[in-house]
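In the UniProt record's numbering, the protein residues as written are 1 to 272. Below is one structure, written out as structure tokens; comments come after it.
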Amino acid sequence: MSFVSRLWNSIRNPVRYVGRDLHGNKFYEAYSPNDPSRAKRTVEYYQPEDMWKYIGGGKRLPVQWSAWLTHTRPNPPTIEELQADMIRQQRVSANVALIEARDRAESEEMLRIRQHDAARALEEAATRNDAVPLVPEPANTPSAAADMPHASTVTPQQQKNQPPEAAPSTLASTSTSTTAQAPPKVLPPKFVTPATPRKSRTTAKFTLPSSIGQLEGAENPPSRELQPEQSREAKFEAKRKEEAAQAPLPPPMPSRPASDTESWTPKARRRG
């Protein structure tokens, strides 16, 4: 861009320096031809390579200048205001550090108290268990061993009540009989394969049975349980036919004259 074009742009769109922040960033305001009532506000970073850090969020502009750039604040901030805000932020950061240190110390103290209480509870439980007397176990003395045969003796009355022992010959016969019994023979299932022989087809024609006797001679005779139902149905059907034959016929409908039946027929009318 030549000197004349830069001079013409500066005359046509003058850029006014507004101020700077504590980091050296400069802020400008220029006339906007698109919206004359809303000036164009820009920032020039102290170091051009820091622009991507501000855009990416690694660094942040002061809140006062950000509000001025977005037209949220009409007047730009002063250096004194920025310094007072920086002092306030430092004081808040110091207070936050003190509060975090106090909370950390309180949590450590609570943890130490819990550990001390748990150790004291374990010690009290151990002393309580030591104070409980133990039950002594019975000693295997010679007198107790000598009393064992007397305890195992059986009286004559008990011998009478006991069942007689089986003879050795009987036991031997029962054992031989159990061993002589062969296990049941299990036949394998029969499967129909293409090589299985088929039954020969019969050339006789199928005929329906004409009487109950033929049905009884068949392979699958009808069940006797259905005969009472069939006889009951036959009796009911015969009774219904008899009642229908004895019932009088309904009287014939009276015939009407043709004039009554054709009175609804529309009559042709002459127009004109």
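Every residue gets a Cβ at the ideal spot worked out from N, C-alpha and C, and that includes glycine.
With a 10 Å radius around its C-beta and 16 neighbouring C-beta atoms as the bar for buried, classify residue 8 as buried or exposed.
That one is exposed.
Hey, residue 76 and residue 18 are a contact pair by Cβ (cut 8 Å); roughly how many whole angstroms apart?
At roughly 5 Å, the Cβ-Cβ gap stays under 8 Å, so residue 76 and residue 18 are in contact.
How big is the Cα-Cα spacing for residue 78 and residue 103?
Taking the CA atoms as reference points, residue 78 sits about 38 Å from residue 103.
Quick check on DSSP: helix, strand or coil for residue 207?
DSSP places residue 207 in the coil class of the three-state scheme, outside both helix and strand.
Environment of residue 25 [buried if 16+ CB atoms lie within 10 Å]:
The residue is buried, with at least 16 neighbouring Cβ atoms inside 10 Å.
By how many angstroms is the C-alpha of residue 207 removed from the C-alpha of residue 231?
Their Cα atoms are separated by approximately 25 Å.
How big is the Cα-Cα spacing for residue 74 and residue 42?
Between residue 74 and residue 42, the C-alpha separation is close to 14 Å.
With DSSP collapsed to three states, give me the class of residue 42.
If DSSP states are grouped into helix, strand and coil, residue 42 belongs with the strands.
Among residues of its own chain, excluding the 5 on either side of residue 29, which ones have a beta-carbon nearer than 6 Å to its beta-carbon?
Leaving aside the five residues that flank residue 29 on each side, the residues in its chain whose CB is nearer than 6 Å to its CB run, in chain order, 16, 18, 39 and 41.
In whole angstroms, give me the CA-to-CA distance for residue 122 and residue 113.
Those two C-alpha atoms are separated by around 14 Å.
Considering residue 53, what are the terminal residues of the beta strand (DSSP E) in which it resides?
Here residue 53 belongs to no beta strand (DSSP E); instead the alpha helix (DSSP H) covers 51-56.
Extent of the continuous alpha helix (DSSP H) run through residue 92:
Segment 79-131, the alpha helix (DSSP H) holding residue 92.
First and last residue of the alpha helix (DSSP H) that includes residue 63?
First-last of the alpha helix (DSSP H) with residue 63: 63-69.
Here's the rule: buried if 16 or more other CB atoms are within 10 angstroms of the residue's CB, otherwise exposed. What is residue 52?
Label assigned to residue 52: exposed.
Here's a check: name, in chain order, each residue in its chain whose Cβ is nearer than 7 Å to the Cβ of residue 226, leaving out the five neighbours to either side.
The predicted model places residue 226 with a pLDDT of 46, which falls under 50 and marks its position as unreliable; any figure quoted below should be read in that light. Nothing listed; no residue qualifies.
Selection from 33, 44 and 236 that minimises the alpha carbon distance to residue 27:
Nearest C-alpha to residue 27: 44.
Determine the burial state of residue 64: buried for a count of at least 16 other Cβ atoms within 10 Å of its Cβ, exposed for fewer.
Its Cβ being crowded by 16 or more others within 10 Å, residue 64 is buried.
Going by DSSP in three states, residue 225 sits in which element: helix, strand or coil?
Note that residue 225 scores a pLDDT of 48, beneath 50, so its modelled location is shaky; the value from the coordinates is reported in the next line. DSSP places residue 225 in helix when its eight states are reduced to three.
Cross-strand partners of residue 30 (DSSP beta bridge)
In the DSSP secondary-structure assignment, residue 30 is bridged to 15 and 40.
Using alpha carbons as the reference points, say which of 127, 22, 239 and 99 lies closest to residue 87.
For residue 87, the closest alpha carbon among the candidates 127, 22, 239 and 99 is that of 22.
Exposure of residue 111, with buried meaning 16 or more beta-carbon neighbours within 10 Å:
The residue is exposed, with fewer than 16 neighbouring Cβ atoms inside 10 Å.
I need the straight-line Cα distance from residue 239 to residue 251, nearest angstrom please.
In this structure, the straight-line span from the alpha carbon of residue 239 to that of residue 251 is close to 24 Å.
Quick one: residues in its chain with C-beta nearer than 8 Å to the C-beta of residue 33, no 5 flanking neighbours on either side, listed in chain order?
Within the same chain, residue 33 has close Cβ partners 13.
is_contact[residue 193, chain D] using C-beta, thresh 9 Å
You won't find chain D in this structure, because it holds only one protein chain.
For residue 82, is the classification buried or exposed, using 16 other Cβ atoms within 10 angstroms of its Cβ as the cut-off for buried?
A buried status is given to residue 82, since no fewer than 16 other beta-carbon atoms sit within 10 Å of its beta-carbon.
Cutoff 8 Å; reference residue 67; Cβ partners in own chain excluding five residues on either side:
So the qualifying residues of the chain are 73.
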